[in-house]
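Throughout the first sequence, residue numbering follows our numbering, covering 7 to 590 in sequence.
Just so it is clear, CB atoms sit at the ideal spot from N, CA and C, and this is done for glycine as well.
These notes concern the structure reproduced below.
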Amino acid sequence: MTFRDTYAGTISAEQTGDTVQVAGWVDRVRDQGGVVFVDLRDASGIVQVVIDPGELAGAGDLRREFCISVTGTVQRRPAGSENAELETGDSEIAVSRLEILSPAEALPFQLDERSGVDELVRLKYRYLDLRRPHMAASLRARSAAVGAMRSVLDERGFLDVETPTLIKSTPEGARDVLVPSRHQHGHFYALPQSPQLFKQLLMIGGVDRYYQIARCYRDEDFRADRQLEFTQLDLEGAFWGREDVFETIEAVMVGVVKAVRGEELATPIRRISYQESMARYGTDKPDLRFDMAIEELSDIFATTEFKAFSGALEAGSVIRGINVGQQEMSRSALDGLVDEAKEAGARGLVWAVVQADETLRSPVAKFLSGEEVSGIRRLLQAGPGDHLLIVADSARVVGEVLGKQRLKFGSPDDHEVLEFVWVTDFPVFEETADGGLVAAHHPFTAPVDVEELVNNPREAVAQAYDLVLNGLELGSGSVRIHDPETQRRVFQVLGIDDETAEQRFGWFLTALSYGTPPHAGFAVGLDRLVSVLQNEVNIREVIPFPKTQTGVDPLTGSPSPVDETQLAELGIDLRPEVRAERES
RNA sequence: GGGGGCGUGGUGAAGUCUGGAGUUCACGCCGGCCUGUCAAGCCGGAGGUCGCGGGUUCAAAUCCCGUCGUCCCCGCCA
Numbered sequence: 007m008t009f010r011d012t013y014a015g016t017i018s019a020e021q022t023g024d025t026v027q028v029a030g031w032v033d034r035v036r037d038q039g040g041v042v043f044v045d046l047r048d049a050s051g052i053v054q055v056v057i058d059p060g061e062l063a064g065a066g067d068l069r070r071e072f073c074i075s076v077t078g079t080v081q082r083r084p085a086g087s088e089n090a091e092l093e094t095g096d097s098e099i100a101v102s103r104l105e106i107l108s109p110a111e112a113l114p115f116q117l118d119e120r121s122g123v124d125e126l127v128r129l130k131y132r133y134l135d136l137r138r139p140h141m142a143a144s145l146r147a148r149s150a151a152v153g154a155m156r157s158v159l160d161e162r163g164f165l166d167v168e169t170p171t172l173i174k175s176t177p178e179g180a181r182d183v184l185v186p187s188r189h190q191h192g193h194f195y196a197l198p199q200s201p202q203l204f205k206q207l208l209m210i211g212g213v214d215r216y217y218q219i220a221r222c223y224r225d226e227d228f229r230a231d232r233q234l235e236f237t238q239l240d241l242e243g244a245f246w247g248r249e250d251v252f253e254t255i256e257a258v259m260v261g262v263v264k265a266v267r268g269e270e271l272a273t274p275i276r277r278i279s280y281q282e283s284m285a286r287y288g289t290d291k292p293d294l295r296f297d298m299a300i301e302e303l304s305d306i307f308a309t310t311e312f313k314a315f316s317g318a319l320e321a322g323s324v325i326r327g328i329n330v331g332q333q334e335m336s337r338s339a340l341d342g343l344v345d346e347a348k349e350a351g352a353r354g355l356v357w358a359v360v361q362a363d364e365t366l367r368s369p370v371a372k373f374l375s376g377e378e379v380s381g382i383r384r385l386l387q388a389g390p391g392d393h394l395l396i397v398a399d400s401a402r403v404v405g406e407v408l409g410k411q412r413l414k415f416g417s418p419d420d421h422e423v424l425e426f427v428w429v430t431d432f433p434v435f436e437e438t439a440d441g442g443l444v445a446a447h448h449p450f451t452a453p454v455d456v457e458e459l460v461n462n463p464r465e466a467v468a469q470a471y472d473l474v475l476n477g478l479e480l481g482s483g484s485v486r487i488h489d490p491e492t493q494r495r496v497f498q499v500l501g502i503d504d505e506t507a508e509q510r511f512g513w514f515l516t517a518l519s520y521g522t523p524p525h526a527g528f529a530v531g532l533d534r535l536v537s538v539l540q541n542e543v544n545i546r547e548v549i550p551f552p553k554t555q556t557g558v559d560p561l562t563g564s565p566s567p568v569d570e571t572q573l574a575e576l577g578i579d580l581r582p583e584v585r586a587e588r589e590s
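Put into structure tokens, the structure is as follows:
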């Protein structure tokens, strides 16, 4: 008993006369009465099979998505009836035996991709959704990406090592996903946010080069590019510095882009410092598929009469502008940008439109000297019709406001182009809106200079870097701290006191004290990478079984209540109001 | 935690602002016809708690209040 000996997508007129057996799903039925055409789809593609209903019982019963097996003779299609749209369009199979392996109910949604379908319905019947060409392509792309990663890294002598997924909770950073312990009531495992400390332990353990396709968990609110669980290519190398990481990740990316898109990725990938990225693009994840950079204009206004600008400069602010190009915007739309800027915390925003005579049309035009106007035009490379936006404020606010407008007005000529960029020299701390400092990385990142970190934390630079693709943070990495003394001092500066450090990370400090090699590493978000390569905006499109924004899997109904006995074994007693809620 | 969009036969939409009979369009589904179709075509048919609850009104898919679900965004994601 066989189901098939040939794949549908491989049939061609060259096989004319061959008897083949093909199995798959009924993509579509075209019943002509005296002849029935069925598009038979399997994992390889579609082939048309022709059935004479007078000779084969059951042909009239076929419906969409029936699972069938057919045996028949390959024949060239009659002249004029070839289908150029179809890979196999020069041929067809004249069926001599038809077996319905499994019928299908009427579908809950249409599998053709011309009309949209509510995502909840798709997820509830994900197994049907996965039959759609673009989902099938997503799964293939994902597999190809992982395959390329493994191939490049195996070739280079990396060891694929699995690390535990039931680990110790370390409450810094994202919220942990917790798992109760049956043996010690009230104690919990955490699912890893990343294999960070374990891969560092592997370095100490003499594993020279490590990688893992690792599932990671962060219990924060979802976005189009964030799920509760996600997959990372995690890697680390001993006796490594930054350049080793860059070189390795670039080789991986070349392999992945080749495998998934068949394109050659040019290396080295360009680099931009965090400082420059923030100043020129207003973000640490610049979309460089188009330029439209923010330019420094402070010097032009050194002696300006315009009070808003002169006052800002005296207060230590910067004046920067951006040329958003030719736009069709009404006066009220332009004024709307001012309101947007104010909502973002800026004191204001100046818009200006370059006129045919090269003067500026702007609410503040009368305050600007001819020299200032020509300076603006020169630095923003502005010609007639160009719309210019200028903000005078702290560098952080200017970047936030203009960076947002840049993304709103800017648009790549080619949306499918891939623009990778390394963002380097991240600060140890990032400034918050209220002027406070928060750690920009995990506490195992090596500072460039520990003394600088202690004495001048605001300026301290970390040996940390991100890889950005088309404005999306693909991953980040760093050179790690490899001696316990530095690690202790960094904990202190980050506000983790000795006692807490000892309690949470004492085991790790101990490990560091046994001859730790200098090491560095990186992690790449697989879901995000594949989604960009597939031109998908949403990572759920490249995840076979994703969850909704509230963490629900509509297919299986997880999460779900569990038995009282299960809870009792774990020593878990629900609060009365939770219990009531659960039982209602 | 906050802001916004959406929820109408199986699917996608229109109708909601400005209340007046579950009305419409496309797809799908069921039946019939049809021997070269390929988004097949033609004819006929079935299919509804307008997310749910409450309120206003002679009258609610439509207005008001609440609630649930979902999507996008902010916060959050060291």
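{"Item": "Distance check for Gln-509 and Glu-168, CA to CA, integer angstroms please.", "Value": "26 Å"}
{"Item": "Does the distance from the CB of Met-209 to the CB of His-525 come in under 7 Å?", "Value": "yes"}
{"Item": "Give every residue of the same chain whose Cβ lies closer than 8 Å to the Cβ of Ser-417, excluding the five residues on either side of it in the sequence, and list them in chain order.", "Value": "Phe-296"}
{"Item": "With distances taken Cα to Cα, identify the nearest neighbour of Ala-314 among Met-284, Glu-282, Gly-331, Ala-352.", "Value": "Ala-352"}
{"Item": "Answer yes if the region 105–114 comes into contact with the region 81–91, meaning at least three C-beta pairs across the two stretches below 8 Å, and no otherwise.", "Value": "no"}
{"Item": "Here's the rule I'm using: 16 or more other beta-carbon atoms within 10 Å means buried, otherwise exposed. How should Leu-473 be labelled?", "Value": "buried"}
{"Item": "Could you spell out the range, first to last residue, of the alpha helix (DSSP H) harbouring Tyr-280?", "Value": "280–287"}
{"Item": "Determine the burial state of Leu-475: buried for a count of at least 16 other Cβ atoms within 10 Å of its Cβ, exposed for fewer.", "Value": "buried"}
{"Item": "For the beta strand (DSSP E) containing Ser-108, list its first residue and its last residue.", "Value": "97–108"}
{"Item": "Considering only residues of the same chain and omitting the five flanking positions on each side of Leu-343, which have a CB-CB separation below 8 Å?", "Value": "Leu-355, Trp-357, Leu-395, Gln-411"}
{"Item": "For the alpha helix (DSSP H) containing Asn-461, list its first residue and its last residue.", "Value": "456–461"}
{"Item": "Where does Ile-219 sit, in a helix, a strand or coil, going by DSSP?", "Value": "strand"}
{"Item": "Counting C-beta neighbours from all protein chains within 10 Å, is the total for Lys-414 16 or more, i.e. buried, or is it exposed?", "Value": "exposed"}
{"Item": "Do you know how far the Cα of Gly-30 is from the Cα of Ala-670?", "Value": "Residue numbering for the chain in the displayed model covers 7 to 590; residue 670 lies beyond these limits and cannot be assessed."}
{"Item": "CA-CA distance, Ala-230 and Gly-531?", "Value": "14 Å"}
{"Item": "What runs of the beta strand (DSSP E), each 3 residues or longer, lie entirely inside the region 187–255?", "Value": "194–197, 215–223, 235–244"}
{"Item": "Alpha carbon to alpha carbon, how far is Leu-129 from Val-568? Give it in angstroms, no decimals.", "Value": "23 Å"}
{"Item": "Just checking my contact of Glu-282 with Leu-386 at CB under 8 Å: how many whole Å lie between their CB atoms?", "Value": "The pair is not a contact, with the Cβ atoms about 18 Å apart (cut-off 8 Å)."}
{"Item": "From what residue to what residue does the beta strand (DSSP E) around Arg-534 run?", "Value": "Element bounds for Arg-534: not the beta strand (DSSP E) but the alpha helix (DSSP H), 532–539."}
{"Item": "Span of the beta strand (DSSP E) holding Tyr-131?", "Value": "Taken as a continuous stretch (DSSP letters only), Tyr-131 belongs to no beta strand (DSSP E), as it is neither H nor E."}
{"Item": "Looking only at C-alpha atoms, which of Val-485, Arg-494, Pro-552 sits nearest to Asp-250?", "Value": "Val-485"}
{"Item": "With DSSP collapsed to three states, give me the class of Arg-10.", "Value": "coil"}
{"Item": "Would Ile-4 and Val-152 be called neighbours here (beta carbons separated by less than 7 Å)?", "Value": "Since the first residue shown for the chain is 7 and the last is 590, residue 4 is missing from the structure and cannot be characterised."}
{"Item": "So which of Leu-478, Gln-498, Ile-545, Ser-519 has the shortest CA-CA distance to His-488?", "Value": "Ser-519"}
{"Item": "Could you check what DSSP says for Gln-333 in three-state terms: helix, strand or coil?", "Value": "coil"}
{"Item": "Which residues bound the alpha helix (DSSP H) around Glu-508?", "Value": "504–518"}
{"Item": "Tell me which residue opens and which closes the alpha helix (DSSP H) that Thr-492 is part of.", "Value": "490–499"}
{"Item": "Between the alpha carbons of Arg-69 and Thr-94, how many angstroms are there, rounded?", "Value": "22 Å"}
{"Item": "With 16 other CB atoms within 10 Å as the buried threshold, where does Pro-523 fall?", "Value": "exposed"}
{"Item": "Would you call Trp-246 buried or exposed, if buried means 16 or more other Cβ atoms sit within 10 Å of its Cβ?", "Value": "buried"}
{"Item": "What's the call for Asn-461, buried or exposed, on a 16-neighbour Cβ count within 10 Å?", "Value": "exposed"}
{"Item": "Beta-carbon within less than 8 Å of Gly-5's beta-carbon, same chain only, minus the 5 sequence neighbours each way: which residues are those?", "Value": "Summary: the structure shown does not reach residue 5, with the chain confined to residues 7 through 590, and so no result is reported for it."}
{"Item": "Under 7 Å, do Lys-553 and Leu-234 count as touching if we go by C-beta distance?", "Value": "yes"}
{"Item": "Which partner residues does Val-56 have in the DSSP bridge list?", "Value": "Phe-43, Ala-100"}
{"Item": "With respect to the beta strand (DSSP E) encompassing Gly-409, which residues constitute its N-terminal and C-terminal limits?", "Value": "Note, Gly-409: premise wrong, no beta strand (DSSP E); alpha helix (DSSP H) at 401–415."}
{"Item": "For Arg-120, name the three-state secondary structure that DSSP assigns.", "Value": "coil"}
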